[in-house]
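Numbering of the sequence shown is given in the numbering used here, commencing with residue 843 and proceeding in unit increments. Ideal Cβ positions, reconstructed from N, Cα and C, are used throughout, including at glycine. The structure presented is a predicted model; accordingly, all values stated were derived computationally and were not measured.
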Amino acid sequence: MSAPRLLDLFCCAGGAAMGYHRAGFEVVGVDINPQPNYPFEFHQADAIHYLLEHWREFDAIHASPPCQAWTPLGALHPDKKYPELIDATRSALDLIGLPYVIENVMSAPLLKESSIVLCGGMFGLRTYRHRRFESPLPLVAPAHPKHVIRTATKRRRELWNEGWHVSITGDVGTYLGPEAMGVDWMNGNELCEAIPPAYTELIGGQIIQQIEGVAA
843 MSAPRLLDLF
853 CCAGGAAMGY
863 HRAGFEVVGV
873 DINPQPNYPF
883 EFHQADAIHY
893 LLEHWREFDA
903 IHASPPCQAW
913 TPLGALHPDK
923 KYPELIDATR
933 SALDLIGLPY
943 VIENVMSAPL
953 LKESSIVLCG
963 GMFGLRTYRH
973 RRFESPLPLV
983 APAHPKHVIR
993 TATKRRRELW
1003 NEGWHVSITG
1013 DVGTYLGPEA
1023 MGVDWMNGNE
1033 LCEAIPPAYT
1043 ELIGGQIIQQ
1053 IEGVAA
């Protein structure tokens, strides 16, 4: 029996993709920009256009639309227009009707009533990195542990070596990728935009169970 196929939209360097791969999906990524470090089949294209043309080739879809409009970066540059693609992505996914997940930062306009929040503390990672995952499928998150380890935003290499967690922004070094994110193939800028594969490995396993349940 062949593995179910998942389309990874706005894929960047493949943090989400690796988790879905580990859960059992064959993953294909799409991004408007070149992604030389993406670990699976990759197509450089407009994500929504690719979705509308190729969705019949897949069993499920993940989308991580650009988050800058809802981050402190966007607030620091109020005169710069960042893409806001969550509504357009959701509309396309609802029209298609396949199982899907939309991921984004906590301040993004995802639907709280049909989403879960995941945190690095749930998976023993050395960063908290909260992210929300919206889906029409029922998803279950692990218990959210208390944040008892402090997070370094300055002197990060020094405090990392002392056991602190680290805030991951674009100037971080790749030394923290494996323990903080479970990632060892990205540069610092890519780590800044990524989610830990553990998040989507959990979600992907739940999606596969539901897909197989429907097929049975």
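Asked: For leucine 851 and isoleucine 903, believed in contact at Cβ under 8 angstroms, the rounded distance; Found: 7 angstroms
Asked: Cβ shell of phenylalanine 965 (< 6 angstroms), same chain only, five flanking positions each side left out; Found: Ala1040
Asked: Given alanine 994 as reference, the closest of Met860, Leu979, Thr969 once Cα atoms are compared; Found: Thr969
Asked: Glutamate 990 - partner residues in DSSP beta bridges; Found: With the sequence shown as reference, residue 990 is identified as valine, and glutamate is not the correct amino acid for it. According to DSSP, valine 990 bridges with nothing at all.
Asked: Separation of tyrosine 1017 from valine 1004, as counted between CA atoms; Found: As written in the sequence, residue 1004 is glutamate, which differs from the valine given in the question. Glutamate 1004 and tyrosine 1017: Cα-Cα distance of roughly 14 angstroms.
Asked: Pairwise C-alpha distance: alanine 1036 and aspartate 936; Found: 25 angstroms
Asked: Residue(s) in a DSSP beta bridge with glutamate 868; Found: Arg847
Asked: Coil, strand or helix - glutamine 877 by DSSP; Found: coil
Asked: Cβ pair count under 8 angstroms reaching 3, the region 945-960 against the region 975-993; Found: yes
Asked: Alanine 1022 in three-state terms, based on DSSP; Found: helix
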